[in-house]
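S.K.: Dropping the structure in here first, questions after.
Number of protein chains: 2
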Amino acid sequence: MTTPPLACRPHDHSHCISQALAEAENLCSRQGVRLTALRRRVLELVWQSHRPLGAYDILAVLSEQDGRRAAPPTVYRALDFLLEQGLVHRIASLNAFVGCNRPDRAHQGQFFICRQCHAAIELEGSAISESILDSARELGFRVEGQTVEVVGLCANCQAAP
Amino acid sequence: MTTPPLACRPHDHSHCISQALAEAENLCSRQGVRLTALRRRVLELVWQSHRPLGAYDILAVLSEQDGRRAAPPTVYRALDFLLEQGLVHRIASLNAFVGCNRPDRAHQGQFFICRQCHAAIELEGSAISESILDSARELGFRVEGQTVEVVGLCANCQAAP
DNA sequence: GACGAAAGTGTAATAGAATAACGTCTCTCC
DNA sequence: GGAGAGACGTTATTCTATTACACTTTCGTC
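Residue numbers (the numbering used here), protein chains in the order written: chain A, 499 to 659; chain B, 499 to 659.
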């Protein structure tokens with residue numbers, strides 16, 4: 499076993515946030531799309547931690563903390579944009595959203611989610627994709643999208659019960 | 499490529515249904531739990547096709563067709579029971595439920611879902627689980643549950659656009 | 001057969017997640 | 001500066017799921 503992933507061990511998280519925002523700025527300007535104040539703020543909130551965040555949690559912060567008049571569509575439109583740009587992923591089994599580690603590379607995330615600390619660990623280019631494609635080949639199935647969400651206990655939470 | 503799976507080619511589906519119900523009877527009596535009329539009916543509805551079915555679709559049939567006075571908890575309780583017994587699976591990405599092919603073996607399903615005909619093809623003991631466990635080992639992650647849902651086009655729907 | 005506990009179902013209300021439809025505003029480009 | 005597209009505000013609604021409590025059925029035991 500290698501060193502545990504960043505998401506589930508202490509680290510300077512403000513660095514994660516600022517890096518994610520900087521990457522987003524770059525990516526959007528390269529793509530010629532607009533990272534508006536709202537979208538940027540939603541991305542920042544999603545990156546507040548490595549734990550998937552619900553749309554209505556985001557909504558609550560925008561309303562109560564930012565004092566913005568926000569309704570569900572406000573949040574979902576921003577999230578749709580971020581999803582399209584590959585800046586966040588949606589966790590179907592949690593109805594929640596989490597920042598993407600590697601927005602530069604087109605991909606669909608594979609996640610290991612700790613049921614205790616709620617950290618979502620995103621895998622990069624794992625062998626899982628390969629075995630999914632292998633199975634698909636056998637079935638003659640053309641893969642267009644995949645949802646891989648594994649729940650359990652992360653290394654940290656196993657150590658400290 | 500082998501012959502396409504049952505779920506996405508024509509077949510005598512009434513046989514699927516009756517077999518699923520018979521297996522359910524067996525399994526429940528072995529487990530000492532009760533497959534009541536309601537639970538049996540919900541299982542039958544879920545097996546009406548190989549396409550995942552929403553809880554509210556089931557509710558509509560119970561109300562309108564069966565003339566039963568049913569509310570959401572009625573359906574969800576039956577579904578919870580069937581999930582616990584491993585008789586159905588939940589498809590998180592669709593908020594829907596589908597019958598399990600192999601209720602005799604404890605497992606969590608891996609699904610290939612056709613976006614056109616909506617068939618859900620369940621894999622049995624694929625290499626996907628292995629590669630998930632491999633990745634988990636590397637992370638020191640203890641796997642407790644997994645959601646694997648691949649969307650795309652099944653062999654049939656690729657052939658006939 | 002009567003009884004009590006446990007399991008199952010009915011019922012009403014509510015919480016949580018997401019979208020539809022339409023109006024207004026603000027950029028950007030000509 | 002005007003037209004058009006994109007972004008955001010607003011209201012209402014749909015879809016999914018759960019809580020809490022009442023009533024009924026089933027099953028084992030006396």
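All C-beta atoms, glycine included, are put in the ideal place defined by N, C-alpha and C.
Contact criterion: CB-CB distance below 8 Å. Does Gln614 of chain A meet it with respect to chain B?
M.R.: It does not: the Cβ of Gln614 of chain A has no partner Cβ on chain B nearer than 8 Å.
S.K.: Just verifying my parser: in three-state terms, what is the DSSP assignment at Leu533 of chain A?
M.R.: If DSSP states are grouped into helix, strand and coil, Leu533 of chain A belongs with coil.
S.K.: Taking Cβ-Cβ distances below 8 Å as the criterion, which residues of the stretch 616-629 of chain B are in contact with chain A?
M.R.: Per Cβ criterion, the list reads Ile619, Leu621, Ser624, Ala625, Ile626, Glu628 and Ser629.
S.K.: Name the one or two DSSP bridge partners that Phe595 of chain A has.
M.R.: Answer is A:Leu551 and A:Arg588.
S.K.: How would you write the range of the alpha helix (DSSP H) that Leu637 of chain B sits in, first residue to last?
M.R.: Element bounds for Leu637 of chain B: Ala625 to Leu637.
S.K.: Under three-state DSSP, which class holds Thr572 of chain B?
M.R.: The answer is helix: DSSP assigns Thr572 of chain B an H, G or I state.
S.K.: Quick check: the Cα distance between Leu592 of chain B and Arg507 of chain B, rounded to an integer number of angstroms?
M.R.: Distance between the alpha carbons of Leu592 of chain B and Arg507 of chain B is about 22 Å.
S.K.: Determine the closest residue to Ala604 of chain B out of B:Ser527, B:His587 and B:Phe639, with distance taken between C-alpha atoms.
M.R.: If we check each option's Cα against that of Ala604 of chain B, B:His587 comes out closest.
S.K.: Are any of the Cβ atoms in chain B nearer than 8 Å to that of Val596 of chain A?
M.R.: Taking Cβ atoms only, chain B never reaches closer than 8 Å to Val596 of chain A, which makes this a no.
S.K.: On the three-state DSSP scale, how would you describe Ala618 of chain B?
M.R.: Strand at Ala618 of chain B.
S.K.: Quick one: what's Leu543 of chain B bridged to in DSSP?
M.R.: In DSSP, Leu543 of chain B forms no bridge with anything.
S.K.: Let me make sure I understand the geometry here. Which of A:Glu622, A:Gln614 and A:Ala618 has the alpha-carbon closest to that of Ala658 of chain A?
M.R.: For the residues A:Glu622, A:Gln614 and A:Ala618, the minimum Cα distance to Ala658 of chain A belongs to A:Gln614.
S.K.: Cα-Cα, which of A:Ser527, A:Asp564, A:Asn599 and A:Leu577 is closest to Ser516 of chain A?
M.R.: Cα-wise, what sits closest to Ser516 of chain A is A:Asn599.
S.K.: Do Ile626 of chain B and Val641 of chain B have their C-beta atoms closer together than 8 Å?
M.R.: Not closer than 8 Å, so no.
S.K.: For Phe610 of chain B and Asp555 of chain B, what's the separation of their Cα atoms in angstroms?
M.R.: So the alpha carbons of these two residues sit roughly 22 Å apart.
S.K.: In this structure, does DSSP put Arg600 of chain A in helix, strand or coil?
M.R.: It is coil, neither helix nor strand.
S.K.: Is the CB-CB distance between Arg549 of chain B and Ala653 of chain B below 8 Å?
M.R.: No; because the gap between Cβ atoms is not below 8 Å, this pair is not in contact.
S.K.: So, at 8 Å on beta carbons, what are the nonlocal neighbours of Leu651 of chain B in its own chain, with the 5 sequence-adjacent residues on each side left out?
M.R.: These residues qualify, in order along the chain: Cys612, Arg613 and Gln614.
S.K.: So what does DSSP say about Gln608 of chain B, is it helix, strand or coil?
M.R.: The answer is strand: DSSP assigns Gln608 of chain B an E or B state.
S.K.: Would Val544 of chain A be called buried (16 or more neighbouring beta carbons within 10 Å of its own) or exposed?
M.R.: The residue is buried, with at least 16 neighbouring Cβ atoms inside 10 Å.
S.K.: Given a limit of 8 Å on CB to CB distance, which residues of the stretch 505-530 of chain B reach chain A?
M.R.: Listed by position, the residues of the stretch 505-530 of chain B near chain A (Cβ gap below 8 Å) amount to none.
S.K.: Listing by chain order, which chain B residues have their CB less than 9 Å from the CB of Val648 of chain A?
M.R.: Those within 9 Å of Val648 of chain A in chain B are Ile630, Ser633, Ala634, Phe639, Val641, Glu642, Gly643, Gln644, Thr645 and Val646.
S.K.: If we count the other Cβ atoms within 10 Å of its Cβ and call it buried at 16 or more, is Glu647 of chain A buried or exposed?
M.R.: Burial call: buried.
S.K.: Pro503 of chain A: buried (16+ other C-beta within 10 angstroms of its C-beta) or exposed?
M.R.: Looking at its Cβ environment, which holds 16 or more other Cβ atoms inside 10 Å, Pro503 of chain A is buried.
S.K.: Excluding five sequence neighbours on each side, which residues of the same chain lie with their C-beta closer than 7 Å to the C-beta of Ala594 of chain B?
M.R.: Within the same chain, Ala594 of chain B has close Cβ partners Pro550, Leu551 and Gly552.
S.K.: Where do the N-terminal and C-terminal ends of the beta strand (DSSP E) with Gln644 of chain B fall, by residue?
M.R.: Where Gln644 of chain B is concerned, the enclosing beta strand (DSSP E) stretches over Arg640 to Leu651.
S.K.: Whose Cβ in chain B lies nearer than 7 Å to the Cβ of Leu577 of chain A?
M.R.: Here the premise fails: no neighbours, minimum Cβ distance about 16 Å.
S.K.: For the ligand MN, is there any heavy atom lying closer than 7 Å to the beta carbon of Leu533 of chain A?
M.R.: Looking at this structure, you won't find the ligand MN or any other ligand, since it has none at all.
S.K.: His514 of chain A: which of A:Gln546, A:Val531, A:Leu536 and A:Arg539 sits nearest, CA to CA?
M.R.: A small correction: the amino acid at residue 514 of chain A is Cys; His does not occupy that position in the sequence shown. When only C-alpha atoms are compared, the closest one is A:Gln546.
S.K.: Which residues in the same chain have their Cβ closer than 6 Å to the Cβ of Ser512 of chain A, if we skip the five residues on either side of it in sequence?
M.R.: Excluding positions up to five away in sequence, the list is empty.
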